[in-house]
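Just so you know, the protein sequences line up as chains S and C, in that order.
For the first sequence, my numbering begins at 68 and goes up steadily by one.
For the second sequence, my numbering begins at 901 and goes up steadily by one.
Shown next, in structure tokens, is the structure this report addresses.
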Amino acid sequence: QKEVEQDPGPLSVPEGAIVSLNCTYSNSAFQYFMWYRQYSRKGPELLMYTYSSGNKEDGRFTAQVDKSSKYISLFIRDSQPSDSATYLCAMTLSGNTPLVFGKGTRLSVIA
Amino acid sequence: DVKVTQSSRYLVKRTGEKVFLECVQDMDHENMFWYRQDPGLGLRLIYFSYDVKMKEKGDIPEGYSVSREKKERFSLILESASTNQTSMYLCASSYRTNTEAFFGQGTRLTVV
């Protein structure tokens, strides 16, 4: 079983839709959770960072962590064509361990 | 803003060549990382470094080595390039390993 599972998509939605992106993980010791956005031919950029369980909101983006289910989500409200990108979840333990990434979900928002 | 700069956006090298990929960060971060990204395989960690002259193997170190002589610079070396090393290479840095990583723009390497 992979440590972090993420549906690769592609996911295609109309402009204005609510988008839900998800990752599941197997290591219950993960404590730090992140979402990155990667545009084509660019490096990933951090979107959201959360510690442990709960929700975090930033504009149109909401990150949700459910440690009991080992499941994290990213919601995008009022999606825009500029949101078309690959979204990568990432997580890590405490201490000196590198991030573990999901494989990414490719999202297309159609105008 | 954190800036992570990779020396080349695109590189074409011949099989057997020794290849150097350079990465520089300007935020005095302790940690630096090299990943490769391939379709369907996602980001895979090659090597990382906690400090100057320190290095740790990631998930796929075979065929690669690294050098970190100065805190801000982390180099990835392909000792003898092979066609299966054709990939997008991404450098990243972070203040600590469990904090967010900041990525460079990537180097697309083609080995022919």
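Using N, Cα and C, we set each Cβ at its ideal position, and we do this for glycine too.
{"query": "Contacts of P111 (chain S) in chain C (Cβ-Cβ under 7 Å)", "result": "F1003"}
{"query": "Contacts that G171 (chain S) makes with chain C (C-beta to C-beta distance below 7 Å)", "result": "G942"}
{"query": "Minimum Cβ-Cβ distance from L990 (chain C) to chain S less than 8 Å", "result": "yes"}
{"query": "Contact check, R968 (chain C) vs K955 (chain C), beta carbons under 8 Å", "result": "yes"}
{"query": "Beta-bridge partners of K123 (chain S), as assigned by DSSP", "result": "S:A130"}
{"query": "C-beta neighbour in chain C for Y106 (chain S), strict 8 Å", "result": "no"}
{"query": "Contacting residues, own chain, Cβ-Cβ under 7 Å from L114 (chain S) (five flanking each side not counted)", "result": "W102, Y103, R104, F128"}
{"query": "S161 (chain S) versus G963 (chain C) - alpha carbon distance", "result": "30 Å"}
{"query": "Bounding residues of the beta strand (DSSP E) (the contiguous stretch that carries P81 (chain S))", "result": "78 to 81"}
{"query": "Span of the beta strand (DSSP E) around D938 (chain C)", "result": "931 to 938"}
{"query": "Coarse secondary structure for T1010 (chain C), derived from DSSP in three states", "result": "strand"}
{"query": "Distance, I85 (chain S) Cα to L978 (chain C) Cα", "result": "43 Å"}
{"query": "Proximal chain C residues relative to Y116 (chain S), where beta-carbon distance stays under 7 Å", "result": "E1000"}
{"query": "Beta carbon of D150 (chain S) nearer than 8 Å to that of L174 (chain S)", "result": "yes"}
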